[in-house]
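Report on one structure; see the data block that follows.
Protein chains in written order, with the numbering used here: chain U, 1 to 229; chain Z, 1001 to 1229.
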């Protein structure tokens, strides 16, 4: 090991190295534009050796996507301490970090490129489900009413589309969108709460633990200003 | 024609008939579960004759999807008369009619089944673009600022995900969700307007033409009630 001779990697170690190299390439450019030759070159091995570990580009792409999915799901984990709005804002910061790091790959995946199939869809769904469960845990809800499930799941899709639109030109500062999405969650919840007493009670309970300048009161003040002639 | 003998259809007429039959089947069940044999039986022709008009199930699926896309885009067209909230509510009603009529096919498509490819993605994008352009026309905006484009496009994705979640069990009355989406649009616009003077001016202009009980003031009142201890 100290002689300067490169140590031979074990099978699993080599697989993990290839996944890391591929993920970096798939993140920086649309996965369709990345060739096995490039991955082999970036990993410092021959093309046939790549095929020895992965039968084709799709299986390597799926392995890279699996790693990225686990990475993203891990970023949703946030301590159950302090105001909820502040927790959600920290998670939004880490979500945009991820989107920033994997921009072209994230866009290609979410816009449904040719690589999308049942495995990739299942991975996307697993990340959405992880986000959904984290939010419910922070809201301290175990058996969500239908309207709450709708708010949380549709807000997750709003966060995805907001990030995708941001990536397309980055014309709005991401820090602004991170705050906006937290307030969007409050706004969507308030709209739905009008028709659901259980949801109203839940939101009232949350407000009692939020600081005075929580996203709801802030938003209410803004709406009054906007709506008054 | 009056002898009871079935008239032979022309090529284009037969193609259109097959598309109609296929669209009905693809709408009612997941397209993966619909066979060419079924389509042939429903159209009253032989399986080889179907292949004479369409080289395979994918091309027939894409033709059916094209017709459905044009149908949906047509439902977004709304006269430029009366309050904006009421116009958007009527469009939401027709959108949910469409989703209702094409439930399983809509879900399968939007959840990215195996049939999804570049043609289907382009069709989905064309419908989103049609919705986007209709909304801008109603807002009387030709060159939207980045934040307005974000609101409109991300709200369109919110409408899609809300409809998809509704289809999964139909646990919330659709009429409620149609109103909710109109108010969601107002809420998302209000959140973003806090950071954009042009957007604030635009929303103020809209409010002057809306009735007193417009979705914004309604939402503001609700937020105040929720946020007050």
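Backbone N, C-alpha and C define an ideal beta-carbon position, used for all residues, glycine too.
Using the Cβ count rule (16 or more neighbours within 10 Å means buried), how would you classify residue i?
i              : result
residue 1208/Z : exposed
residue 1031/Z : buried
residue 92/U   : buried
residue 161/U  : buried
residue 1205/Z : exposed
residue 1175/Z : exposed
residue 1049/Z : exposed
residue 143/U  : exposed
residue 1080/Z : exposed
residue 1021/Z : buried
residue 1011/Z : exposed
residue 85/U   : buried
residue 1133/Z : exposed
residue 1078/Z : buried
residue 1044/Z : exposed
Who are the near neighbours of residue i in its chain, counting only those whose CB is closer than 6 Å to its CB and skipping five residues on each side?
i              : result
residue 1230/Z : In the structure as shown, chain Z begins at 1001 and stops at 1229. Residue 1230/Z is therefore absent and cannot be evaluated.
residue 19/U   : 63, 64 and 67
residue 253/U  : This structure cannot speak to residue 253/U, because chain U is shown only from 1 to 229.
residue 173/U  : none
residue 1060/Z : 1022 and 1054
residue 1222/Z : none
residue 1056/Z : none
My assumption, with CB atoms under 8 Å, is that residue i sits in contact with residue j. Please give the rounded CB distance.
i              : j              : result
residue 1089/Z : residue 1178/Z : 6 Å
residue 1148/Z : residue 1199/Z : 6 Å
residue 1037/Z : residue 1047/Z : 6 Å
residue 129/U  : residue 1191/Z : 26 Å between Cβ atoms; not a contact.
residue 1171/Z : residue 201/U  : Wrong, their Cβ atoms sit about 19 Å apart, outside the cutoff.
For residue i versus residue j, is the C-beta spacing smaller than 8 Å?
i              : j              : result
residue 68/U   : residue 23/U   : yes
residue 105/U  : residue 35/U   : no
residue 96/U   : residue 194/U  : no
residue 98/U   : residue 72/U   : yes
residue 1075/Z : residue 1087/Z : no
residue 1053/Z : residue 1014/Z : yes
residue 210/U  : residue 83/U   : yes
residue 1121/Z : residue 112/U  : yes
residue 107/U  : residue 58/U   : no
Report all residues from its chain with a CB closer than 7 Å to the CB of residue i; omit the five preceding and five following residues, and keep chain order.
i              : result
residue 3/U    : In this prediction, residue 3/U scores a pLDDT of 49, lower than 50, which makes its location untrustworthy; the coordinate-derived value is nonetheless stated afterwards. If we look at residue 3/U and ignore the five residues flanking it on each side, it has no Cβ neighbours.
residue 1025/Z : 1034, 1038, 1039 and 1042
residue 1029/Z : 1104
residue 1/U    : Any reading at residue 1/U must be qualified, since the residue scores a pLDDT of 44, below 50, and its modelled position is unreliable; the value itself is stated next. The answer, listed in chain order, is 7.
residue 185/U  : 88 and 155
residue 1225/Z : none
residue 1165/Z : none
residue 126/U  : 69
residue 1102/Z : 1027 and 1068
residue 119/U  : 62
Enumerate in chain order the residues of its own chain whose CB-to-CB distance from residue i is below 8 Å, with the five nearest sequence positions on each side excluded.
i              : result
residue 1158/Z : 1181, 1184 and 1188
residue 1203/Z : 1189, 1190, 1193 and 1216
residue 153/U  : 128 and 132
residue 9/U    : 17
Would you check whether the ligand ATP has a heavy atom nearer than 7 Å to the C-beta of residue i?
i            : result
residue 31/U : In terms of ligand content, the structure shown is empty, and the ligand ATP therefore cannot be addressed.
Review point. Unbroken alpha helix (DSSP H) runs of length 4 or more, entirely within the region 1092-1142 of chain Z: which are they?
Key: 1103-1110 and 1118-1139
Exercise for review: Entirely within the region 1139-1216 of chain Z and at least 4 residues each: give me those alpha helix (DSSP H) ranges in chain order.
Suggested key: 1146-1167, 1174-1193 and 1197-1209
Point to revise | Length-filtered (4 minimum) alpha helix (DSSP H) runs lying within the region 1042-1099 of chain Z | key: 1047-1053 and 1057-1075
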